[in-house]
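Undergrad: Sequence positions in the sequence shown follow mature numbering (1 follows the signal peptide of the UniProt record, and there is no 0) and run -22 to -1, 1 to 116.
Where is the CB? At the ideal position from N, CA and C, for every residue including glycine.
What you are looking at is a predicted structure, and each value in this text was computed from that prediction instead of being measured.
One structure is given below, represented as structure tokens, and several questions about it will come after.
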Amino acid sequence: MYRKRLLHLAQLSAVGCTGFLAGQLCKNKENIVENEITVDGRSLKNRPGLPIFGTVSAATPYTESGPKDRISQIMKYGFPGLDNVRSYEDFVLSYDRRTRVPHWVFEHLTRAHVSKNDQVDRSKCDFKPDESIHPFFR
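Have a look at this one:
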């Protein structure tokens, strides 16, 4: 009696393990197929280029002599999210269409940019909506 139950348990375990291994094998093959790119009849795997582990130096000083377009410097450590990214002259933002406000805004602030300037009067500013965003989402 115990022998029969032990045999059934062994058979069920073998079937379960076989099914699990077959599922893992199919899953791995799907991932391999998704990462392949076909060029001229050859299949190439989509792999990142070298170096695998990049280096980041936080001790690099900011130089004012750089180009006017500072987006590459502002975003040199990457984007926190790629949902509706907008790049402007001095800042980069990710726009939330549902709430009509930014998810996040990146701006490189320096002492010269935030110093008090008596020539600037925000009461005379004329704020306008971004025309590049569809009117439904403004």
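Which residue marks the beginning of the alpha helix (DSSP H) containing His91, and which one marks its end?
TA: From DSSP, the alpha helix (DSSP H) with His91 extends over 89 to 92.
Undergrad: Determine the DSSP secondary structure at Val(-8), reduced to helix, strand or coil.
TA: Helix, per DSSP.
Undergrad: Check His(-15) in the structure and name its three-state DSSP category.
TA: Here His(-15) sits in helix by DSSP.
Undergrad: Give the single residue among Cys4, Arg89, Leu87, Arg64 whose Cα lies nearest to the Cα of Ser110.
TA: When each option's Cα is compared against that of Ser110, the closest is Arg64.
Undergrad: Report buried or exposed for Tyr73, applying the criterion of at least 16 other Cβ atoms within 10 angstroms of its Cβ.
TA: Flag for Tyr73 reads buried.
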